[in-house]
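In full-length UniProt numbering, the protein residues as written are 1 to 312. Every residue gets a Cβ at the ideal spot worked out from N, C-alpha and C, and that includes glycine. First comes the structure, then the notes that go with it.
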């Protein structure tokens, strides 16, 4: 039986991670000033929890306090892929991750109950309820009759993966081509920097978890740029399923690096507002990713990526 380690139960932990995410997305560099009011506005919270979250990040060495100017970012976030892992997790967050890992490994059935989870993880009822709420809010679980919850189907088998890519092939290029698409330039620039840093690593040091984060962020950037909120919601919900453990299992580093290069080429076209070209490249990228076979590179698709240069 697995026991959940006692961890702090506070919203300050989640907020600390949100601050890092916002700083990374907006391209904040080491030394950047972090005014409490600005951070509170960006995170849509009051200054009091922001102050507590910044103190937590200061303890971890991610942020530093200067008497003259206040809080400043102390690290380069693009080269600190493990920062999130260094932060303590709320007890319910840790439990939620354990539940996801066990479901991915088929150690949990599709339907789970509060009582069964309490016994399996030696967890209190309120902790289990918070973990289930977190997973439900992320659209990974649905409430079933009684005290049961039902896992949504994840793209973790060949048939489901095929359906997942067909769904994305229908919606993602359409999101780019629909009138009103807007690219968040600041977020795109920070994402580009992080992808280039990961791509520069030797194969032996390649971080698959960091690739998963960047992959989801890249496709999330497209989803968030769609002018149609229903398209954004549908793609965002589906992306949450792709963060499940094991989603990227079996894909070798060659293909993952190839995928990063494809992301960067698509990003070139999006930044240049060449939306039709970007949509075409995205279709090729999704088809290559669906095959998950590096030998597909010899069939002409990567040449398409290589032939298109960013307009001056």
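* To do: Grab the span of the alpha helix (DSSP H) containing residue 286 for me, first residue to last.
  => Note, residue 286: alpha helix (DSSP H), 275-291.
* Residues of its chain near residue 308, where Cβ-Cβ distance is below 6 Å and the 5 sequence neighbours each way are ignored -> A caution first: residue 308 carries a pLDDT of 48, below 50, which makes its placement in the model too unreliable to give a value.
* Asked: Below 8 Å between beta carbons: does that hold for residue 261 and residue 199?
  -> The answer is yes: Cβ separation under 8 Å.
* With which residues is residue 143 paired in a DSSP beta bridge? -> Paired residue(s): 149.
* Asked: What did DSSP end up calling residue 180 once you bin it into helix, strand or coil?
  -> DSSP, reduced to helix, strand and coil, places residue 180 outside both helices and strands of the structure shown, so it counts as coil.
* Evaluate the contact criterion for the stretch 142-153 versus the stretch 107-126: three or more CB pairs, one atom per stretch, below 8 Å. => The answer is yes - the stretch 107-126 touches the stretch 142-153, with three or more Cβ pairs under 8 Å.
* To do: Give the single residue among 189, 13 and 128 whose Cα lies nearest to the Cα of residue 266.
  => Closest by alpha carbon: 189.
* **Residue ranges of each alpha helix (DSSP H) within the UniProt domain "HTH gntR-type" (9-76), 4 or longer** => Here the runs fully enclosed are 11-25, 36-43 and 47-59.
* Could you check the C-alpha separation between residue 159 and residue 211 for me, to the nearest Å? => Their Cα atoms are separated by approximately 23 Å.
* DSSP beta-bridge partners of residue 111 -> Per DSSP, 150.
* For residue 230, the three-state DSSP class (helix, strand or coil) -> If DSSP states are grouped into helix, strand and coil, residue 230 belongs with the helices.
* To do: Have a look at 221, 44, 291 and 284 and flag the residue whose alpha-carbon is nearest the alpha-carbon of residue 170.
  => Answer by Cα proximity: 284.
* Contact check, residue 128 vs residue 95 under 8 Å by CB: the rounded distance? -> Approximately 7 Å separates the beta-carbon atoms of residue 128 and residue 95; this is inside 8 Å, confirming the contact.
* To do: Consult DSSP for residue 271 and reduce its assignment to one of helix, strand or coil.
  => When DSSP states are grouped into helix, strand and coil, residue 271 belongs to the helix group.
* To do: Determine the contact status of residue 175 and residue 214, defining contact as a CB-CB distance below 8 Å.
  => In this structure, residue 175 keeps its C-beta atom at 8 Å or more from the C-beta atom of residue 214.
* Asked: Can you list, in chain order, the residues of its chain whose CB lies under 6 Å from that of residue 102, leaving out five sequence neighbours each side?
  -> Correct list, in chain order: 108.
* Distance, Cα to Cα, residue 18 vs residue 54? -> Whole-angstrom Cα-Cα distance: 11 Å.
* Would the beta-carbon of residue 227 fall within 8 Å of that of residue 180? -> Yes, the Cβ-Cβ distance between residue 227 and residue 180 is below 8 Å.
* Closest to residue 196 by CA distance: which of 229, 257 and 230 is it? -> The candidate whose alpha carbon is nearest that of residue 196 is 257.
* Asked: Using the C-alpha atoms, what's the distance from residue 71 back to residue 240?
  -> So the alpha carbons of these two residues sit roughly 32 Å apart.
* Asked: Between which two residues does the alpha helix (DSSP H) containing residue 194 stretch?
  -> Annotation: the continuous alpha helix (DSSP H) that includes residue 194 extends over 185-199.
* To do: Find the nearest neighbour of residue 274 within the set 144, 33, 122 and 177, judged by alpha-carbon distance.
  => Looking only at 144, 33, 122 and 177, the smallest Cα-Cα distance to residue 274 is reached by 177.
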